[in-house]
Amino acid sequence: MPEHVPILQFLGWVFLAAAAVLWISGFVRLQRRYRTYLAVQERTGTLGALPRHRAAPRLESVELTQAERDAFAGLVRQFGDGGGHRPTG
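Under full-length UniProt numbering, the very last position in the sequence shown is 89; numbers go up by exactly one each time.
In structure tokens:
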């Protein structure tokens with residue numbers, strides 16, 4: 001320690017140097033962790049913010065009555081003929 005530097009000033013420099021070393025080591029660890037996370041994400045091809053689907057949604061079906069089937073068939077015919085009724089006038 002130089003003779004002309006007060007002890008508190010010298011300890012301040014030591015503290016700043018130690019803080020800089022700790023900050024750099026923490027930053028390097030953070031970068032390595034993020035790089036590992038990106039590598040895993042690229043392998044799986046999923047987005048981290050969206051949850052994975054464990055199973056497909058249940059299929060839902062409804063039995064139609066004969067009248068409903070006839071009405072649906074009529075709609076299909078209307079759309080196939082050019083879009084149904086055209087306004088007159």
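All C-beta atoms in this analysis are idealised placements derived from N, C-alpha and C, irrespective of residue type, glycine included.
Per-residue DSSP class, three states only, for residue i
i, result
"GLU3", "coil"
"GLU60", "coil"
"ALA49", "coil"
"ARG54", "coil"
Delimiting residues of the alpha helix (DSSP H) encompassing residue i
i, result
"GLU68", "66–80"
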